[in-house]
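Engineer:
Residue numbers (my numbering), protein chains in the order written: chain A, 5 to 72; chain B, 506 to 772.
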């Protein structure tokens, strides 16, 4: 299936979960990343059970604390 | 209020724009913006808002200018080292534009003073460098129904979003709670390219100006991310979180509160 991950379209195995995608994409400190699938937030404890479907768009949002 | 000849000349490049014009420039001169943190983000933001003729600019910061600030905090100069940042910022703003009234607050922003501080302003700029402050500003602005621009910068990356009451998600909708101290690096620990504050802080000023002139699209419901190394800007759609603890359907946060500050941020 085709997913759009952080704006890039790529081929992934069918039935992939958010947790598996996090591993494949080597997301740093995923426990502090916010994930949205098709413009809906996925709660951290649902990463393992949330299956992605063909054509889904996934975004990873990261804490950025600097400013001074 | 009629423009003086000097003002007509000073703001002529704004007045020429159909989106600003005399009307928009008057709105800017009547506008009141509070900048929390006169640092990497707040410095360029304050300079451009001052140049644009934002009539009242409040600057809140408890720190003094340090030599290590000057790589990015362009509102301060070498002779300002050791001076209160709010004083140094006020001098720079006044030098650029005497039309601007500057109010200074030499204090850390906390749950005790944040509601008072923001109450006199129409738009707030979050230029702070730590998560407890960012969540505090978010909660206070949501509770007081004040629009604000959130931003963060680190290394070669930056991001920002705009909150306007009733128009899309707040910062807490997206990030829920601060990460534990030291779980996510700050720029004091990880470093930041000085220009990043210039890019993102100036975008915060742009959001404030667009808010006041009422033109264009704001970053409400969007996070704009910038990666300087790959030179990529991305605008990521942000949904509203109905379960948000401060702006959701059943909010549990009814007053601003302080998170414990990471030790490294107390300096």
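We treat Cβ as the ideally placed atom computed from N, Cα and C, and that holds for glycine.
(1) On the criterion of 16 or more Cβ atoms from any shown chain inside 10 Å, does residue 528 of chain B qualify as buried, or is it exposed?
(2) For residue 655 of chain B, which beta-bridge partners are listed by DSSP?
(3) To the nearest angstrom, how far is it from the Cα of residue 727 of chain B to the Cα of residue 608 of chain B?
(4) Looking at chain B, is there any beta carbon in it that lies within less than 8 Å of the beta carbon of residue 60 of chain A?
(5) Could you have a look at residue 732 of chain B and say whether DSSP puts it in helix, strand or coil?
(6) Would you decide whether residue 506 of chain B is buried or exposed? Buried here means 16 or more other CB atoms lie within 10 Å of its CB.
(7) Along chain B, in chain order, which residues have C-beta atoms closer than 7 Å to that of residue 63 of chain A?
(8) When you compare each of B/591, B/578, B/603, B/756 to residue 648 of chain B by their alpha carbons, which one comes out closest?
(9) Going along chain D, which residues have a C-beta under 9 Å from residue 33 of chain A?
(10) Please tell me whether residue 768 of chain B has its Cβ less than 8 Å away from any Cβ of chain A.
(11) Return the CA-CA distance between residue 625 of chain B and residue 539 of chain B, expressed in angstroms with no decimal places.
(12) Quick test of the definition: if touching needs 3 or more C-beta pairs under 8 Å, does the region 596–615 of chain B touch the region 676–688 of chain B?
(13) Which residues, taken in chain order from the region 34–47 of chain A, show a beta carbon closer than 7 Å to some beta carbon of chain B?
(14) Have a look at residue 570 of chain B and residue 611 of chain B and give me their C-alpha separation to the nearest angstrom.
Structural biologist: In terms of the structure at hand:
(1) One-based indexing of the second chain puts residue 528 of chain B at position 23. So residue 528 of chain B ends up on the exposed side.
(2) Residue numbering aside, residue 655 of chain B sits at position 150 when the second chain is read from its first letter. Paired residues: B/666.
(3) Translated into positions along the second chain, residue 727 of chain B becomes position 222. Translated into positions along the second chain, residue 608 of chain B becomes position 103. Going from the Cα of residue 727 of chain B to the Cα of residue 608 of chain B covers about 31 Å.
(4) Along the first chain, one-based indexing puts residue 60 of chain A at 56. False, the Cβ-Cβ gap to chain B never drops below 8 Å.
(5) Translated into positions along the second chain, residue 732 of chain B becomes position 227. Correct three-state label for residue 732 of chain B: strand.
(6) Sequence index remark: in the second chain, residue 506 of chain B carries index 1 (1-based). Classification of residue 506 of chain B: exposed, given that the 10 Å Cβ count is below 16.
(7) The count along the first chain starts at 1 and reaches residue 63 of chain A at position 59. 741, listed in chain order.
(8) What you label residue 648 of chain B is simply residue 143 of the second chain in a count that begins at 1. Of B/591, B/578, B/603, B/756, the residue nearest in Cα terms is B/756.
(9) Reference to chain D is not applicable here, since the protein chains of this structure are A and B.
(10) Taking the second chain and counting its residues from 1, one reaches residue 768 of chain B at position 263. Per-residue confidence for residue 768 of chain B stands at a pLDDT of 46, beneath the threshold of 50, marking its modelled position as unreliable; the derived number appears in the next sentence. Cβ-Cβ to chain A under 8 Å: no for residue 768 of chain B.
(11) Here residue 625 of chain B is taken as the residue at index 120 of the second chain, counted from 1. Here residue 539 of chain B is taken as the residue at index 34 of the second chain, counted from 1. Going by the C-alpha atoms only, they are around 9 Å apart.
(12) no
(13) 36, 38, 40, 43, 44, 45
(14) Counting from one through the second chain, the residue named residue 570 of chain B turns up at place 65. Counting from one through the second chain, the residue named residue 611 of chain B turns up at place 106. Here the alpha carbons of residue 611 of chain B and residue 570 of chain B stand approximately 12 Å from one another.
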